[in-house]
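Read through the structure below, which is laid out as structure tokens, and then see the notes.
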Amino acid sequence: MTPRPADPPARPLALITGVGRTVGIGAGVARRLAASGWDVAFTYWTPYDERMAWGPESGATSAITDALAQHGATTTAVEADLADPDTPARVFDEVERDLGGVTALVMCHCESVDSGILDTTVESFDRHFAVNARATWLLIREYGRRFAAAPGTGRIIALTSDHTVGNLPYGASKGALDRITLAAAQELAHLGITANVINPGPVDTGWMTDEGRAQVLRQTPLNRLGTPRDTAHLVDFLCSPEGQWINGQLLMSNGGFA
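Its first residue numbered 155, the sequence shown is counted upward by one per residue in the working numbering.
Below, the structure written as structure tokens:
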């Protein structure tokens, strides 16, 4: 009798926030993890793109879903206003209902509106901290409360920035994100979860002006712009078994940009 073929191993599940545009870092990370054998749940928030100069990308969610499916990934997409403190729990409820428990939490979401010390409004400052800092804490808290994967497999990764001049609320709230995420490396150690922060430097996802691109090139020894693939490869490594020993770190992945 011919032995029954063994069932293929189950794909672990990554929840990736901030995957609203096909050219974005979040979408690049999603594609890389799907190619590496992960199922992917992702969030997006169209009203944010509508406020930004680039505007919303029609059909982006479907295009990203199709790209992930080409790598064999099962996916689900959740529209999520992370300025709402009730949203993180709702996201996890929907993802668990559709795909099951989350093994890796990768946070690529952000609120980013340029303003400095003198012209930042209280409303903008509060929104930046609600999205970039508070939502990060609530997502990590929800992840830690629900984590049920094998010890040693859990991963938390957040994207940060050290930009502050002329971008005060963004940079300040990303600094808070760093501290929250790195605390998880210690506070969730009993669950076998690693937590790291990546600073990808300036990545051209359609927001750079010609002048901005030229300036970045002058400040980067490798004389090229960062791409979503650059960040995605590091996320992929950190999520792999080989990346387990990297923990509690703020990693610069910016080509030497200074």
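Even for Gly, the Cβ is constructed at its ideal location relative to N, Cα and C.
Fair warning: this is a prediction, and the values are worked out from it, not measured in the lab.
Does residue i come out as helix, strand or coil in the three-state DSSP assignment?
i, result
"Ser278", "helix"
"Asn408", "coil"
"Ser269", "strand"
"Glu233", "strand"
"Gly380", "strand"
"Thr307", "coil"
"Thr215", "helix"
"Asn353", "strand"
"Asn321", "strand"
"Ala312", "strand"
"Val249", "helix"
"Ile347", "strand"
"Met155", "Confidence at Met155 is low in this model, with a pLDDT of 48, below 50, so the placement of that residue is unreliable and no value is reported for it."
"Val256", "coil"
I think residue i touches residue j, with their Cβ atoms under 8 Å apart; what is that distance to the nearest whole Å?
i, j, result
"Cys262", "Ile170", "6 Å"
"Gly172", "Gly182", "Not confirmed; about 11 Å, so no contact."
"Thr230", "Leu253", "6 Å"
"Ile311", "Leu392", "6 Å"
"Leu313", "Ile352", "6 Å"
"Trp361", "Trp208", "6 Å"
"Asp316", "Gly325", "7 Å"
"Val260", "Ala189", "Their Cβ separation, rounded to whole angstroms, is 15 Å, which puts Val260 and Ala189 out of contact at 8 Å."
"Ala227", "Val276", "Actually they are not in contact, since the Cβ atoms of Ala227 and Val276 sit about 41 Å apart, beyond 8 Å."
Could you tell me the alpha carbon to alpha carbon distance between residue i and residue j, rounded to whole angstroms?
i, j, result
"Leu342", "Glu250", "20 Å"
"Asp247", "Thr381", "32 Å"
"Asp332", "Thr290", "10 Å"
"Trp238", "Ala330", "Strictly speaking, residue 238 in this sequence is Asp, with Trp absent from that position. Distance between the alpha carbons of Asp238 and Ala330: 18 Å."
"Ser266", "Pro166", "31 Å"
"Phe196", "Glu365", "33 Å"
"Leu336", "Ala368", "33 Å"
"Ala243", "Pro201", "20 Å"
"Ser278", "Ala164", "43 Å"
"Ser212", "Asp358", "20 Å"
"Thr241", "Ala234", "6 Å"
"Ile334", "Pro323", "17 Å"
"Thr176", "Trp199", "13 Å"
"Val319", "Thr274", "12 Å"
"Leu187", "Val389", "8 Å"
"Ser327", "Ala386", "23 Å"
"Gly178", "Gly255", "25 Å"
"Ala118", "Ala184", "With the chain covering only 155 through 412, there is no way to say anything about residue 118."
"Pro354", "Tyr297", "24 Å"
"Pro159", "Asp203", "Annotation note: pLDDT 49 at Pro159 (below 50); position unreliable, no value reported."
"Asn321", "Ser269", "5 Å"
"Thr156", "Ala217", "Per-residue confidence for Thr156 stands at a pLDDT of 46, beneath the threshold of 50, marking its modelled position as unreliable; no derived number is given."
"His344", "Met406", "27 Å"
"Gly370", "Asp384", "For clarity, residue 370 is Val in the given sequence; the question names Gly instead. Cα-Cα distance, rounded: 16 Å."
"Thr397", "Thr363", "The identity of residue 397 in the sequence shown is Gly, whereas the question assumes Thr. For Gly397 and Thr363, the distance between alpha carbons rounds to 35 Å."
"Pro210", "Gly174", "8 Å"
"Pro395", "Phe411", "29 Å"
"Arg299", "Ala214", "31 Å"
"Val232", "Arg372", "39 Å"
Does the segment 376-383 come within contact of the segment 294-314, defined as at least 3 CB pairs closer than 8 Å?
no
Does the structure place the segment 208-224 close enough to the segment 280-287 that three or more beta carbon pairs sit under 8 Å?
no
At least 3 beta-carbon pairs within less than 8 Å: the segment 346-356 vs the segment 393-403:
yes
Going along the chain, which unbroken runs of the beta strand (DSSP E) with 3 or more residues stay wholly within the segment 167-227?
167-171, 193-198
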